[in-house]
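Chemist:
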Amino acid sequence: MQAVILPRLKAGIDPIPGQFKQSAAISSFDASGDYDDVGATLKYALKAGGGSIAVLSLNGAMSRFGICGMGGNEFLNRVIQRADLEPSVKGIVINAHTPGGTVDSTELLADSIRNFSKPSVGYVNGMCASAGVFALSQAKAIVMEDSVSSEIGSIGVLMVYANQAKALEKEGIEVEIFRADGSQDKARLNAYEPLTEEIRSEIQADLNEARRAFVGYVRRGRAGKLSSDEVFSGKMYKRKQAVSLGLADKLGSLQDAIRLATRM
Numbered sequence: 001m002q003a004v005i006l007p008r009l010k011a012g013i014d015p016i017p018g019q020f021k022q023s024a025a026i027s028s029f030d031a032s033g034d035y036d037d038v039g040a041t042l043k044y045a046l047k048a049g050g051g052s053i054a055v056l057s058l059n060g061a062m063s064r065f066g067i068c069g070m071g072g073n074e075f076l077n078r079v080i081q082r083a084d085l086e087p088s089v090k091g092i093v094i095n096a097h098t099p100g101g102t103v104d105s106t107e108l109l110a111d112s113i114r115n116f117s118k119p120s121v122g123y124v125n126g127m128c129a130s131a132g133v134f135a136l137s138q139a140k141a142i143v144m145e146d147s148v149s150s151e152i153g154s155i156g157v158l159m160v161y162a163n164q165a166k167a168l169e170k171e172g173i174e175v176e177i178f179r180a181d182g183s184q185d186k187a188r189l190n191a192y193e194p195l196t197e198e199i200r201s202e203i204q205a206d207l208n209e210a211r212r213a214f215v216g217y218v219r220r221g222r223a224g225k226l227s228s229d230e231v232f233s234g235k236m237y238k239r240k241q242a243v244s245l246g247l248a249d250k251l252g253s254l255q256d257a258i259r260l261a262t263r264m
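Just so you know, we're using full-length UniProt numbering here: the sequence shown kicks off at 1 and counts up by one.
1. If we count Cβ pairs, one from each stretch, closer than 8 Å, do we get three or more for the region 132-143 versus the region 105-116?
2. As an exercise, report each continuous beta strand (DSSP E) stretch of at least 3 residues that is fully enclosed by the UniProt domain "Peptidase S49" (117-261), in chain order.
3. Would you kindly work out how many angstroms separate the C-alpha atoms of residue 269 and Glu193, rounded to a whole number?
4. Measure the alpha-carbon distance for Thr98 versus Phe116 and round it to whole angstroms.
5. Can you name, in chain order, every residue of its own chain whose Cβ lies under 6 Å from the Cβ of Gly182, other than the five neighbours on each side?
6. Output the distance between the C-alpha atoms of Glu145 and Gly224, rounded to the nearest integer angstrom.
7. Could you work out which residue in Ala162, Ser130 and Gln164 is closest to Glu151 when comparing CA atoms only?
8. What are the start and end residues of the beta strand (DSSP E) that includes Ile113?
9. Decide if Ala205 is buried, meaning its Cβ has at least 16 other Cβ atoms within 10 Å, or exposed.
10. With respect to 6 Å, is the separation between the Cβ of Ala129 and the closest non-hydrogen atom of the ligand ADP below this value?
11. Tell me which residues share the same chain as Asp84 and place their Cβ nearer than 7 Å to its Cβ, disregarding the 5 neighbours each side in the sequence.
12. Given a cut-off of 7 Å on the beta-carbon distance, is the pair Phe232 and Val215 in contact?
13. On a Cα-Cα basis, can you pick out the residue from Val121, Asp36 and Ile13 that is closest to Ser57?
14. What are the start and end residues of the alpha helix (DSSP H) that includes Ala45?
15. Which value, in whole angstroms, describes the spacing of the CA atoms of Met70 and Pro17?
16. Between the Cα of Val89 and the Cα atoms of Gly126, Gly72, Thr102 and Gly39, which residue gives the shortest distance?
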């Protein structure tokens, strides 16, 4: 890209050739002339879906802001809301390959999928776990890739805590934390101080509350389709068992998911 961009910069012209912008669907600007990242993403998504179905990617670890605000739950929420208002969009397919992610903002994304007024189809592109299921369960239908490696599940919540105090002690490092007067509850959960029973109880209560919300969303989104409560144990399920348990509706390809959204 340096060979393309640097000579154009020296010549005082737009460093990105127009055909690059067009092929990447990044030449989208709002009325003020500012770059419209949501509109550009939706334009590209429509192209991927054949012109009327927007194929939106939910790839990698999920978080509120993603990378530099792009690809995060908030951004995808904005794209879905724009798609709902855009007449040219007749439906969406959420193309998901994700291990899940943080609890933060997952409800936001799930609500935007559930509240989408047009047809919505979730597509499990190999794997959809944890927060990915939380969100995808709110689509009107779920299609799983028909592959031996395809899996869905991990409906549950956990937190990993690592106390580094003993490891640092072996290295001859002693950590001491000072807090200002009146800040006795500041950052009580850290990698150096032992957990009190009070903090352990708070953590457990937070995890239980998050799981209740998770299970409630999946029950609501897959109402009338789930055949067993065993799916709420946190286990992952391969494609055929997932369909039999009601975590997915059918097996197929991404094109099958697009065709289903079109028929819907």
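Note that CB positions come from ideal geometry on N, CA and C, so glycine has one too. Values in this document were obtained by computation on a predicted structure and should not be read as measured data.
Modeler: From the atom records:
1. yes
2. 120-129, 141-145, 151-153, 236-238 and 250-252
3. It is not possible to answer for residue 269, since the shown part of the chain is limited to 1 through 264.
4. Sequence index remark: in the sequence shown, residue 98 carries index 98 (1-based). Sequence index remark: in the sequence shown, residue 116 carries index 116 (1-based). Distance between the alpha carbons of Thr98 and Phe116 is about 21 Å.
5. Position 182 of the sequence shown, counting from 1, holds the residue named residue 182. Cβ within range, chain order: n/a, list empty.
6. Counted from its first residue, the sequence shown places residue 145 at position 145. Counted from its first residue, the sequence shown places residue 224 at position 224. Cα-Cα distance, rounded: 22 Å.
7. For the purposes of this step, residue 151 is taken as the residue at position 151 of the sequence shown. Answer by Cα proximity: Ser130.
8. The residue labelled residue 113 in the question sits at position 113 within the sequence shown. Unbroken run through Ile113 is the alpha helix (DSSP H), Thr106 to Arg114; no beta strand (DSSP E).
9. Locating residue 205 in the sequence shown gives position 205, where the first residue counts as 1. Per the 10 Å Cβ criterion, exposed.
10. In the structure shown, the ligand ADP is absent, as is every other ligand, since no ligand is present at all.
11. As a working mapping, residue 84 is identified with position 84 in the sequence shown. Within the same chain, and ignoring the five residues on either side of Asp84 in sequence, the residues whose Cβ sits closer than 7 Å to its Cβ are Phe116, Ser117 and Lys118.
12. Numbered from 1 along the sequence shown, position 232 holds the residue referred to as residue 232. Numbered from 1 along the sequence shown, position 215 holds the residue referred to as residue 215. For Phe232 and Val215, yes; Cβs fall inside 7 Å.
13. Your numbering for residue 57 matches position 57 in the sequence shown. Ranking Val121, Asp36 and Ile13 by Cα distance to Ser57 puts Val121 first.
14. For this step, residue 45 is matched to residue 45 along the sequence shown. Per DSSP, Ala45 belongs to the alpha helix (DSSP H) from Asp37 to Ala48.
15. Here residue 70 refers to the residue found at position 70 of the sequence shown. Here residue 17 refers to the residue found at position 17 of the sequence shown. Going by the C-alpha atoms only, they are around 22 Å apart.
16. For the purposes of this step, residue 89 is taken as the residue at position 89 of the sequence shown. Among Gly126, Gly72, Thr102 and Gly39, the Cα nearest to that of Val89 is on Gly39.
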